[in-house]
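Take a look at the structure set out below.
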Amino acid sequence: MLKVKNVTKFYGENKAVDNLSFEVKEGEIFGLLGANGAGKTTTFRMIMNLLEPSKGEITLNNKKIDYDVTDSIGFLTEERSLLLKLTVKELMLYYGTLKSMKKDEIITELRKWLKRFKIEDYENRKIKELSKGNKQKIQFISSIIHKPKLLILDEPFSGLDPINVDMFIDVINELKEKGTIIIFSSHQMNHVELFCEKLLILDHGKTIIEGNLKDIKSNYDERKILIKADVTKAELSKLDGVKEITIKGDEIEVKIDDKKYAKNIFEYISKCKNVTKFEVVELSLHEIFTKEVGGNYEK
Amino acid sequence: MKNKFWFLVKNSLSKKIKTKTFVIVNILLLIALVSIINIDRLVLFFGGNFDKENNIMVIDNTNNTYEIFKNVIDSEETIIDTGLKYKVTKVDDEEKAKKKIKKDEDIAIIINEDENNVISVKMITYGYINSNMYQLINSSINASKGILAIEKLNISEEDLQKISSPIAIKREYIQKDKNEKEENMEYIMGIVTPIIILPFFMLILLIVQMIGAEINEEKSTRSMEIIISNVSAKVHFFSKILASNLFVLMQALLLFIYSGIGILIRGGGMNVGNINNVESISKITSSIDASGILNNITSYIPVVLLLMIVTLFGYSLLAGILASMTTNMEDFQQLQTPIMVISLVGFYLALMSSMFEGSLFIRILSYVPFLSAILSPSLLLTGVIEIKDIILSILIMLVVVYLLIKYGLKIYKEGILNYSSSKLWKKMLKAMKN
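Protein sequences, first through last, are from chains B and W. Residue 66 is where the first sequence starts when you use our numbering, and the numbers rise one by one after that. Residue 4 is where the second sequence starts when you use our numbering, and the numbers rise one by one after that.
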């Protein structure tokens with residue numbers, strides 16, 4: 066289990082991370098979210114033992130993270146960390162050996178993953194000659210080649226087409242099944258919703274939302290109602306609790322301040338003609354993120 | 004961690020060696036060094052001629068000067084020692100001689116005598132001639148003129164021999180320390196400077212550039228985060244420093260071997276006909292012997308080598324620290340300028356060290372870290388400093404290396420994960436205090 070306990074990090078006077086605490090168990094995917102400069106990279110660097118926390122403690126399976134422990138951590142950085150002049154094989158031998166792997170083991174694992182990602186011909190190709198998507202595949206392989214106990218994925222789908230995104234998702238889910246602790250970070254909230262049961266949103270170093278994704282969403286009183294019926298925008302705007310109305314094709318999206326207003330709206334719609342859809346949905350993670358962080362974003 | 008350190012050293016070293024650039028550069032260096040050492044043969048091979056024979060054609064209108072001139076010129080050559088080859092022939096007609104002048108080596112000398120029995124000489128050449136050859140002909144003509152005058156005065160052959168024999172000049176020096184030994188030292192310095200100073204200066208440039216490029220490559224591609232998460236910054240830093248120093252020492256050894264190959268090729272073809280080379284080598288060895296260096300060489304070499312190795316290590320530490328502070332190679336090029344200036348100043352001071360005549364200024368500079376290793380070899384050879392001064396320079400350099408490790412490592416740890424160039428120096432000074 067990864068435990069981040071009351072961690073604070075100062076850069077001079079600036080508090081980059083403020084009293085951060087969370088836990089991630091084996092086989093869990095944890096979403097660590099935040100706008101740019103929220104403190105995510107600093108947190109990752111502290112977990113990777115690149116930075117020492119000013120206060121607090123980080124442990125993996127009750128061991129303080131040191132250079133022995135980092136051998137069992139995989140890190141996919143947001144910006145590509147590949148030595149472009151090397152070939153795929155040379156790079157994996159370099160990174161793999163730094164993770165205390167043996168040469169034969171590295172070659173076997175590399176070939177397995179290259180085949181899995183359908184780039185087995187690229188073993189001796191220079192990294193700089195690869196496409197953006199293939200570079201990302203190589204970076205992903207480099208972070209999982211040593212079968213890490215903890216895997217940090219910072220924007221893993223960057224530069225990938227939908228087919229390759231699905232390929233990555235399958236692998237991430239497999240790793241989860243095998244008990245890998247996964248920390249996932251992305252600005253694409255739909256991706257986060259795909260994986261993360263638990264998440265935490267950072268804003269200027271402070272935790273503003275934390276918990277299970279389901280609970281976070283259901284705890285939000287605000288709702289959206291999707292309607293398909295013979296009803297006008299003007300009619301709907303007169304109803305109690307209606308905050309915003311948007312026409313999306315043949316569908317009307319009505320935002321309400323509180324879920325309690327849904328019943329009255331349903332009663333009104335049920336009297337209209339040609340009602341084919343009435344669905345009350347929770348806010349998406351993207352909407353919650355924008356709502357929570359958006360206001361502070363310019364600070 | 005220990006294994007990872009050696010892995011990083013091995014990886015860094017093999018990355019440098021297993022490049023096409025390294026192989027190509029070394030092939031070129033081998034060709035260049037062997038060619039420079041054997042340049043005269045190479046020029047000869049391609050049709051050039053270092054030993055061109057000057058064809059001196061004498062038109063003697065006095066009828067009695069030619070034989071004297073022919074003897075005198077040989078005698079003058081033994082005094083002046085131009086090393087030039089020549090042959091003297093008598094030609095009857097000026098026009099015939101002019102027709103034979105087809106290159107710079109063809110010289111016609113027309114000797115006339117006026118009504119007062121005073122000799123005048125006209126020299127016809129193709130173009131400008133070698134100044135040494137002009138000097139040789141000029142002094143030979145003057146000497147011939149003297150001999151002719153003596154002959155006319157009926158002086159015996161014995162007396163004539165005494166008069167015309169070269170005078171041995173015994174030299175005495177007012178300035179006590181300016182003696183023959185010192186002249187030999189200066190001669191040796193002229194040979195040793197390009198052999199020691201220039202290659203060392205080039206090795207400094209090589210090590211600074213190499214460390215800068217390697218650290219910047221890992222930093223700019225963000226691979227540094229992956230590497231530093233697996234090995235400490237300290238391990239990473241020293242692996243780069245060690246690998247670069249080993250590489251440079253290996254390159255120095257290769258240069259030494261290439262020079263050896265060049266000398267072997269030259270030596271293999273040395274024969275009696277190549278007497279000039281034997282003479283040159285004997286002149287060098289006798290100068291070395293006269294300087295007394297041979298007696299001290301066994302203590303000079305290890306001490307100077309040690310100072311050079313410690314200084315190279317110092318330069319590599321400095322380059323590594325500066326490279327960690329920059330985010331790309333362009334920034335590093337700017338930041339390394341002071342290192343380049345220091346080494347360049349040292350290089351020129353070393354070349355000009357004899358001009359300072361052992362002044363206090365040059366002595367003090369010989370202790371200055373980073374300069375000492377460039378300056379000391381020439382100052383040691385010219386006797387300005389002694390072994391104990393070099394040992395002092397080593398100790399000073401070791402203190403600097405210690406300080407660079409102590410404070411530089413703190414900067415390195417902070418610098419390699421810093422990707423912003425704003426308030427850079429402030430950040431680094433702060434890192435030093437931590």
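For every residue, glycine included, the Cβ atom is placed at its ideal position computed from N, Cα and C.
Residue environment, L363 (chain W), which counts as buried when at least 16 other CB atoms sit within 10 Å: exposed
Run the CB neighbour count on F140 (chain B), radius 10 Å, all protein chains shown included, and call it buried at 16 or more, exposed below. buried
Using only alpha-carbon positions, find the residue among W:S327, W:I20, W:M400, W:G418 that is nearest to V211 (chain W). W:S327
Can you find a CB in chain W that lies within less than 8 Å of the CB of G113 (chain B)? According to the sequence shown, residue 113 (chain B) is Met rather than Gly. For M113 (chain B), the answer is yes, since a Cβ of chain W falls inside 8 Å of its Cβ.
Nonlocal neighbours in the same chain, by C-beta distance under 8 Å from K70 (chain B), ignoring five residues either side: S86, G121, E122, I123, T124
What runs of the alpha helix (DSSP H), each 4 residues or longer, lie entirely inside the segment 146 to 232 of chain B? 153 to 163, 168 to 181, 197 to 209
Buried or exposed: which applies to K364 (chain B), given that a residue is buried once 16 or more other Cβ atoms fall within 10 Å of its Cβ? Bear in mind that the predicted position of K364 (chain B) carries a pLDDT of just 43, short of 50, making it too unreliable to give a figure here.
Applying the 10 Å Cβ sphere with the 16-neighbour rule, what's the burial state of I266 (chain B)? buried
Cβ of H140 (chain B) less than 8 Å from any chain W Cβ? Rather than His, the amino acid found at residue 140 (chain B) in this sequence is Phe. Output row for F140 (chain B): interface = yes.
Tell whether a beta-carbon distance below 8 Å holds between G317 (chain W) and M400 (chain W). yes
With 8 Å as the C-beta to C-beta threshold (strictly closer), list the residues of the segment 183 to 210 of chain B near chain W in chain order. S207
With the cut-off set at 8 Å, would you say I104 (chain W) and T128 (chain W) are in Cβ contact? yes
For N339 (chain B), which residues in the same chain have their Cβ closer than 7 Å to its Cβ, ignoring the five residues on either side in sequence? A294, D295
Of all Cβ atoms in chain B, is any one closer than 8 Å to the Cβ of S15 (chain W)? no
Find the nearest neighbour of G359 (chain B) within the set B:G77, B:E93, B:A100, judged by alpha-carbon distance. B:A100
For G77 (chain B), does the count of other Cβ atoms within 10 angstroms reach 16, so buried, or fall short, so exposed? exposed
Quick check on this structure: which residue in B:L264, B:H269, B:Y333 has the alpha carbon closest to the alpha carbon of K74 (chain B)? B:H269
Give the secondary structure of L11 (chain W) by DSSP, where H, G and I count as helix, E and B as strand, and everything else as coil. helix
Given a cut-off of 8 Å, decide if I140 (chain W) and I122 (chain W) are closer than it, judged by their beta-carbon atoms. no
Along the segment 117 to 145 of chain B, what residues have a CB closer than 8 Å to any CB found in chain W? Y132, T135, D136, I138, F140, T142, E144, R145
Could you pull the DSSP bridge partners for L97 (chain B) from this structure? B:L265
Contact set for N29 (chain W): own chain, Cβ-Cβ below 7 Å, skip 5 residues either direction: L257
Taking 8 Å as the threshold (C-beta atoms), are V387 (chain W) and Y132 (chain B) in contact? no
Among W:P341, W:I342, W:L378, which has the Cα closest to the Cα of Y351 (chain W)? W:L378
Taking T162 (chain B) as the query, report the chain W residues whose CB atoms sit under 7 Å from its CB, ordered along the chain. F10
At which residue ranges does the segment 316 to 348 of chain B contain complete beta strand (DSSP E) runs of 3 or more residues, listed in the order of the chain? 316 to 321, 342 to 347
Scan the segment 226 to 243 of chain W for residues whose Cβ lies nearer than 8 Å to a Cβ of chain B and list them as they occur along the chain. S226, M227, E228, I229, I230, I231, S232, N233, V234, S235
Residues bridged to L36 (chain W) by DSSP? Bridge partners of L36 (chain W): none, in fact.
How many Å lie between I231 (chain W) and L115 (chain B) at the Cα? 7 Å
In whole angstroms, give me the CA-to-CA distance for D95 (chain W) and N57 (chain W). 19 Å
Just to check my reading of the structure: V345 (chain B) and I290 (chain B) have Cβ atoms closer than 8 Å, yes? What is that Cβ distance to the nearest angstrom? 5 Å
Residues of its chain near F260 (chain B), where Cβ-Cβ distance is below 7 Å and the 5 sequence neighbours each way are ignored: I94, I237, F249
Anyone know if the C-beta pair for G265 (chain W) and I40 (chain W) falls short of 8 Å? yes
With a cut-off of 8 Å, do at least 3 Cβ pairs link the segment 137 to 153 of chain B to the segment 184 to 203 of chain B? yes
For the segment 304 to 318 of chain B against the segment 271 to 280 of chain B, do three or more pairs of beta-carbon atoms, one drawn from each stretch, fall closer than 8 Å, so that the two count as touching? no
On the premise that K336 (chain B) lies in contact with D322 (chain B), defined as a C-beta separation below 8 Å, what is that separation, rounded to the nearest angstrom? That belief does not hold up - the Cβ atoms of D322 (chain B) and K336 (chain B) are roughly 23 Å apart, past 8 Å.
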